[in-house]
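Protein chains: 2
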Amino acid sequence: MIHINENFLTLEKNYLFIEIAKRIKTYMAANPEKPIIRMGIGDVTLPIAPAAVEAMKKAADELGVKETFRGYEDSGAGYDFLRNAVSGYYKKLGADVSPDDIRINDGAKSDCGNIVDIFGNDNTVMLTDPSYPVYVDSNRMSGRNILFADSNEENGFAAMPDNNVHADIIYLCSPNNPTGSAYTRDQLKEWVDYAQENEAVIIFDSAYEAFISEPDVPRSIYCIEGAKKCAIEMCSLSKTAGFTGVRCGYTVIPGELTVKTDSGDVIKLADIWARRQGTKFNGVSYPVQRAAEAVFSDEGLAQIRVNIDYYRRNAMLIADTLTELGIDFTGGKNSPYIWLKCPHDMESWEFFDYLLNEIQVVGTPGAGFGRNGKNWFRLTAFNSYENTSEAMDRFKKLFI
Amino acid sequence: MIHINENFLTLEKNYLFIEIAKRIKTYMAANPEKPIIRMGIGDVTLPIAPAAVEAMKKAADELGVKETFRGYEDSGAGYDFLRNAVSGYYKKLGADVSPDDIRINDGAKSDCGNIVDIFGNDNTVMLTDPSYPVYVDSNRMSGRNILFADSNEENGFAAMPDNNVHADIIYLCSPNNPTGSAYTRDQLKEWVDYAQENEAVIIFDSAYEAFISEPDVPRSIYCIEGAKKCAIEMCSLSKTAGFTGVRCGYTVIPGELTVKTDSGDVIKLADIWARRQGTKFNGVSYPVQRAAEAVFSDEGLAQIRVNIDYYRRNAMLIADTLTELGIDFTGGKNSPYIWLKCPHDMESWEFFDYLLNEIQVVGTPGAGFGRNGKNWFRLTAFNSYENTSEAMDRFKKLFI
């Protein structure tokens, strides 16, 4: 008789955003006349850059003509034109990343979930808590032991390594989802040192790097010395360029990152990942890769900058309002996320229902991201300026 | 210290097509003046349908405008417009498949590789041999026990179930890659009965269904009674509509397909897969989904039919030539693949080198697909008619 992977039964039944959607639906059915402002799910709202649209259309035309038709991509790792463009972008961020070390994907979530395949199940995984649920669930699905490093009020929601605790795989997300906090250069260096001492690998999620505004916060882990020997970086155009519906991202595994097998051989981790991807992935849609290439052109970068600045203005408005109301929070400065302490000692789901019922503003309960989120709440800057302003006006009426 | 998944070290080092590419490169470097005809890798060469190009461009435009912009797809399972279109297509094939049971993906290879995640590693896997290497490698990566059912000259390269052997997961591909053979209705019924008796699940790869020409060969396993209780079907637009560079496919897990957990609960397999995909996949590019929808329109279906007929004419030409030369083969009739017995008792890699050196025709050595392919060789019908004719002329000169 066939057996399922029973690890799936240990997962929380409902994915966070499904539960949120359900509660909104119930509320809307009962209160159809009350307009809801959504500041919950981290999805963008502004259109993609004109340069990307044009590039995608041109590529679609190419596929419709025999002479320019393209089928399978040879390597499945991404076309050279895009890997070179990503490498050039890294240069602008102050990191030296070879095109050979970059693989293009259909969005960071796929690689972030699938990367667990290449590691043995006996590794100890360390996550900062709260964290993006994919890190937890993808490791639970393979039955791994998970340790949590607390990100909390005391450390400014920026967990730091504890040299008394050993881990083999460490997930870091900076700027952080959900807390919006971002590691400084010195803090990231501590993590890189810790990884090297523990012969561990850091999986560094830099999905929100485009929102960094402070010069002391690196936009790539490869801005840190030693990181190439111990860190994988995953990034996406979802937040950088509004590609949540286009689907494109990239994963970097430096050639310098080697691991020892049980029999003592030293092998490149990138080779194992290439073997995994060669078997279970066939590359990203050609028109999507052309659109992504266009994002990294001078024209494209200027166009996406306008959108990022727009979201930043929203983030500042939220931050200023919370400051005015005396509500504690992190984020907003280097991130589209604001992580606030629920007023009146409320728990986060209680606060979710309170905001929905009282002022029809939807955010994300911190409890959905881990135990340290129990009394915290995430708002995002991705709605329109008008809606964000309206939401903040409602906040002022409710909390002053 | 971090440990890799050591199962990766048990895999063949080079993926079949990488080795082929290497040998071609070496030959071309030494013989730059000799034009090679590629009938090896199963990639299409004709452009995608005009209806698909237009739909993709229109969708790209939509993403560039605030009012029609789309971000994350809510479920990640595919937009209703496409799931409905696929369901409508199934109706034309004589199978009743609900849109609710369909998930859209970025090509069958991803799901085919990733599906192993939802099953326990203690299951016994059965593959027909020869087979598509992804079935073998994805199961080896998770350390599973694999049994092989021989497809050979005796059974017309159509392995049938043996009631003395038990399996929990069975991979079937019909029309078959690499052998081009296709199961009749009665043969598939035997497999479905076997699966039900063994409480097993069939993973049915129907990637080549559009090439079926014989009425007695079902184009979906759901044409068979009982299949909904025991079979997953995976298909792709890669061969149906030339989408190898566009990347779109679909997986069907019927709601009727339930499994028992260790604690005796009965759950829908589709729910486990949805949880897997919800964690490790974020849906297919919106413009790609619109292009796929257009393929299934009346206009699109008429346009892709022209291409499939073109490849079929190539397949017939190859089949006729081999018949004329007295070379044994299967396939061609319901498949873009022709699987031939290497003349002069040659082994398949030897024959590969022989063809490359003597007549500069590239095919795929059968040994790359399993032990029963040792003396067999795959040719594909995806090149141009002119090149296919030229290759067959060269065959005639060499083998007459």
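These protein sequence lines are chains Y and F, in that order. Read in numbering that gives the first Met the number 0, the first sequence has 285 at position 286, and its numbers run on one by one without any break. Read in numbering that gives the first Met the number 0, the second sequence has 272 at position 273, and its numbers run on one by one without any break. Built from N, CA and C at the ideal position, the CB exists for glycine as well.
Could you give the C-beta distance for residue i and residue j, rounded to a whole number, given that I count them as a contact under 8 Å?
i	j	result
Y/Ala48	Y/Gln302	4 Å
Y/Ile220	Y/Leu187	6 Å
F/Met38	F/Ala318	Not confirmed; about 13 Å, so no contact.
Y/Ile117	Y/Ile266	Between Y/Ile266 and Y/Ile117 the Cβ distance is about 11 Å, and since that is not below 8 Å, they are no contact.
F/Tyr170	F/Leu126	5 Å
F/Leu268	F/Ile252	6 Å
F/Ala206	F/Cys234	6 Å
Y/Asp161	Y/Asp128	Between Y/Asp128 and Y/Asp161 the Cβ distance is about 13 Å, and since that is not below 8 Å, they are no contact.
Y/Glu298	Y/Ala84	Going by Cβ atoms, the distance from Y/Glu298 to Y/Ala84 rounds to 13 Å, so no, they are not a contact pair.
F/Val133	F/Tyr182	Actually they do not touch by this definition, with Cβ atoms about 20 Å apart.
F/Asn281	F/Tyr71	7 Å
Y/Leu8	Y/Asp136	Actually they do not touch by this definition, with Cβ atoms about 12 Å apart.
Who are residue i's beta bridge partners in DSSP?
i	result
Y/Gly248	Y/Asn104 and Y/Ser235
Y/Asn382	Paired residue(s): none; Y/Asn382 is not in a bridge.
F/Gly330	F/Ile337
F/Met125	F/Leu146 and F/Ile169
Y/Phe404	This structure cannot settle anything about residue 404 of chain Y, because the visible part of chain Y is limited to 0 through 399.
F/Arg37	F/Val361
F/Ile202	F/Tyr170 and F/Ile231
Y/Lys267	Y/Thr257
F/Phe376	F/Leu339 and F/Pro364
F/Phe118	Y/Ile3
At a CB-CB cut-off below 7 Å, which residues of chain C make contact with residue i?
i	result
Y/Gly367	In the structure shown, chain C cannot be found, because the protein chains are Y and F.
Would you mind sorting residue i into buried or exposed? The rule is 16 or more other CB atoms within 10 Å of its CB.
i	result
F/Pro34	exposed
Y/Phe80	exposed
Y/Asn333	buried
Y/Lys90	exposed
F/Thr322	exposed
F/Pro31	exposed
F/Thr239	buried
Y/Lys12	exposed
F/Val305	exposed
F/Gly179	buried
Y/Arg274	buried
Y/Arg184	exposed
Y/Ile399	exposed
Y/Asp100	buried
F/Gly263	exposed
Rank the options by C-alpha distance to the C-alpha of residue i and give the top, closest one.
i	options	result
F/Lys56	Y/Pro253, Y/Ala290 and Y/Glu66	Y/Ala290
F/Asn104	F/Val96, F/Ser74 and F/Trp348	F/Ser74
F/Gly93	F/Pro214, F/Asn162 and F/Gly372	F/Pro214
F/Asn374	F/Lys24, F/Phe156 and F/Val135	F/Phe156
F/Glu224	F/Glu255, F/Ala107 and F/Cys247	F/Glu255
F/Ser173	F/Gly248, F/Tyr131, F/Val135 and F/Glu196	F/Tyr131
Y/Ile40	Y/Asp344, Y/Val361, Y/Asp297 and Y/Val52	Y/Val361
Y/Val52	F/Val64, F/Tyr26 and F/Met159	F/Val64
Y/Cys111	F/Thr260, F/Lys279 and F/Asn122	F/Lys279
F/Asn120	F/Ser97, F/Phe328, F/Ala84 and F/Ala166	F/Ala166
Y/Ile358	Y/Asp344, Y/Phe210 and Y/Asp392	Y/Asp392
Y/Leu300	Y/Ala209, Y/Lys259 and Y/Lys340	Y/Ala209
Y/Val191	Y/Asn175, Y/Ala226 and Y/Tyr309	Y/Ala226
F/Ser109	F/Thr250, F/Ile201 and F/Asp95	F/Thr250
F/Leu457	Y/Leu62, Y/Ala54 and Y/Met27	In this structure chain F extends from 0 to 399, so residue 457 of chain F is not present and cannot be described.
Y/Asn151	Y/Ala20, Y/Gly365 and Y/Ser383	Y/Gly365
Are the beta-carbon atoms of residue i and residue j separated by less than 8 Å?
i	j	result
Y/Ile168	Y/Phe203	no
Y/Arg69	Y/Tyr285	yes
F/Met0	Y/Glu198	yes
Y/Pro335	Y/Thr379	yes
F/Pro177	F/Arg377	yes
F/Arg102	F/Gln276	yes
F/Asn313	F/Thr387	yes
F/Ser141	F/Asn6	yes
Y/Thr44	Y/Phe381	yes
Y/Gly325	Y/Trp338	no
F/Arg246	Y/Val283	yes
Y/Val115	Y/Asn138	yes
F/Gly106	F/Phe295	no
Y/Gly367	Y/Leu15	yes
What do you reckon, is the C-beta of residue i under 7 Å from a heavy atom of the ligand NAD?
i	result
F/Lys395	Questions concerning the ligand NAD fall outside what the structure shown contains, since it holds no ligand whatsoever.
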